[in-house]
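**Student:**
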Amino acid sequence: MALVDIDGDDLVVVMEGLDKLWALKSSLTIPLANVRGATADPGIATERKGIKAPGTHLPGVITAGTFHLDGDKVFWDVKDASKAVVIELADERYARLVLQVDDPRATVALVEDALRSKR
101 MALVDIDGDD LVVVMEGLDK LWALKSSLTI PLANVRGATA DPGIATERKG IKAPGTHLPG
161 VITAGTFHLD GDKVFWDVKD ASKAVVIELA DERYARLVLQ VDDPRATVAL VEDALRSKR
């Protein structure tokens, strides 16, 4: 699971526990200026992931790490698709982040509120 927070003008994502190992990342920091939006999307787990490089993918168990799909890099950290949030990015290494969070609605509200306050 990932913890999503706002620190000043940055979106900060911290992977918890063994997710650091599976995703091969412990954290990501993205300027809010490069965040386009966030949505809760439990259905994303059924979509194509692309080619993992590097990452972990055991269908129905975990998807974590960097995946290449249609020319984009997508960062995944999801075990429970019912708690998946998608954060769309611009001008970043990743086109989007697909993350499992404790409370998808609260995470989406946090990101959207931060974006509204920066506009």
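Each position in the sequence shown, counted from 1, maps to that position plus 100 in the working numbering.
Glycine included, C-beta positions come from ideal geometry on N, C-alpha and C.
Just the Cα atoms here: how many angstroms apart are K125 and M115?
**Tutor:** Whole-angstrom Cα-Cα distance: 7 Å.
**Student:** Cα-Cα, which of A164, P142, A140 and V185 is closest to G150?
**Tutor:** Looking at the Cα atoms, A164 is the closest of the given residues.
**Student:** Beta carbon of V201, beta carbon of V185: below 8 Å?
**Tutor:** Closer than 8 Å, so yes.
**Student:** Going along the chain, which residues of its own chain have a beta-carbon closer than 7 Å to the beta-carbon of V208, five neighbours each way excluded?
**Tutor:** So the list reads A138, T139, A140 and V185, once near-sequence residues are dropped.
**Student:** Check L121 in the structure and name its three-state DSSP category.
**Tutor:** It is helical.
**Student:** Could you give the C-beta distance for V161 and V211, rounded to a whole number, given that I count them as a contact under 8 Å?
**Tutor:** Not really, about 27 Å apart at Cβ, beyond 8 Å.
**Student:** Compare the beta carbon distance of D177 and D107 with 8 Å and say whether it is the shorter of the two.
**Tutor:** Contact flag unset, no.
**Student:** Ordered along the chain, which non-local residues of its own chain (more than five positions away) have a Cβ less than 7 Å from that of I130?
**Tutor:** Counting only Cβ-Cβ distances below 7 Å, and skipping sequence neighbours, we find D110, L111, L189 and E192.
**Student:** Residues in the same chain with beta-carbon distance under 8 Å from L169, minus the five sequence neighbours each way, listed in chain order, please.
**Tutor:** Counting only Cβ-Cβ distances below 8 Å, and skipping sequence neighbours, we find R148, K149, G150 and I151.
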